[in-house]
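K.L.:
The structure's right below; bear with me while I get my questions together.
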Amino acid sequence: GALKDMVQNHILQVVALLAMEPPVAFSEKEIRTEKIKALKAIRIYNEEEVLENFVRGQYAQGELDGVQFKGYREEDKVDAQSETETFVAGKFTIDNFRWSGVPFYVRTGKRLTEKGTRINIVFKQVPVNVFKTSVDEPCDDTTLPPNVLTIYIQPTEGFSLSLNGKEVGQGFETEPIKLEFRNSAEMVENSPEAYEKLLLDALN
Numbered sequence: 027g028a029l030k031d032m033v034q035n036h037i038l039q040v041v042a043l044l045a046m047e048p049p050v051a052f053s054e055k056e057i058r059t060e061k062i063k064a065l066k067a068i069r070i071y072n073e074e075e076v077l078e079n080f081v082r083g084q085y086a087q088g089e090l091d092g093v094q095f096k097g098y099r100e101e102d103k104v105d106a107q108s109e110t111e112t113f114v115a116g117k118f119t120i121d122n123f124r125w126s127g128v129p130f131y132v133r134t135g136k137r138l139t140e141k142g143t144r145i146n147i148v149f150k151q152v153p154v155n156v157f158k159t160s161v162d163e164p165c166d167d168t169t170l171p172p173n174v175l176t177i178y179i180q181p182t183e184g185f186s187l188s189l190n191g192k193e194v195g196q197g198f199e200t201e202p203i204k205l206e207f208r209n210s211a212e213m214v215e216n217s218p219e220a221y222e223k224l225l226l227d228a229l230n
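Just add 26 to the spot in the sequence shown (first one is 1) and you have the numbering used here.
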């Protein structure tokens, strides 16, 4: 299922790369050392905590753009009573100095509305909103969207940064601003596939 196929290998690799400390050298050995430290800091949940922090599911039959799709248990060669999950979502907790109190949310599944791999780094809201129009207004503004750094991994690599900027004019209203870079179709076409990179690393 999705838990074994995706979470325990692919997703944990991404979590480790995101959470690890900077290696002392950009070498395979030092990167692996820091990744292992990050993985060891992930809290191991007991049975009750697993139920609180993770959910599993299967896709059901439905329609998209006028096309009918079968549910997972209706697919060919799938047991009608199968409990194999096709969707997993949950929260990891990393117990170390840097990431204490910062949740790592993960999600993966089949037949989702969008196919792709990305990391969303959601920055903590500032305690004071400087975009207020008078001194008497409250400092906090829960309606102000957080800044978000998105790293795109598949199908095209790139990144985007979503910020809050002041609208042009006399007022202090804010509007979302997005800075984005994505690899062009030509760059993607000329780039090696994931397994090509893996084979090259193995040969070298």
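Beta carbons are placed, not taken as given, at the ideal position from N, Cα and C, and that holds for glycine.
So Phe80 packs on Gly116, CB below 8 Å; how close in whole Å?
P.N.:
3 Å
K.L.:
Quick check: what's the CA-CA separation for Gly142 versus Ala51?
P.N.:
31 Å
K.L.:
Quick check: Thr134 and Met32, are their CB atoms within less than 9 Å of each other?
P.N.:
yes
K.L.:
Who does Leu224 pair with in a DSSP beta bridge?
P.N.:
In DSSP, Leu224 forms no bridge with anything.
K.L.:
May I ask which residues mark the beginning and end of the beta strand (DSSP E) holding Ala115?
P.N.:
113-119
K.L.:
What's the C-alpha gap between Leu170 and Trp125?
P.N.:
24 Å
K.L.:
Which residue's Cα is closest to the Cα of Asn173: Glu193, Val152, Gly83, Glu219?
P.N.:
Val152
K.L.:
Relative to the alpha-carbon of Pro202, which residue among Glu109, Val194, Val104 has its alpha-carbon at the smallest distance?
P.N.:
Val194
K.L.:
In the structure shown, what three-state DSSP assignment does Val81 receive?
P.N.:
strand
K.L.:
Can you give me the start and stop residues for the alpha helix (DSSP H) that Leu38 sits inside?
P.N.:
From DSSP, the alpha helix (DSSP H) with Leu38 extends over 38-45.
K.L.:
Of the residues Glu222, Leu187, Ile147, Val104, which one's Cα is nearest the Cα of Arg208?
P.N.:
Of the residues Glu222, Leu187, Ile147, Val104, the one whose Cα lies closest to the Cα of Arg208 is Leu187.
K.L.:
So who's on the other strand from Ile145, going by DSSP bridges?
P.N.:
Ile177
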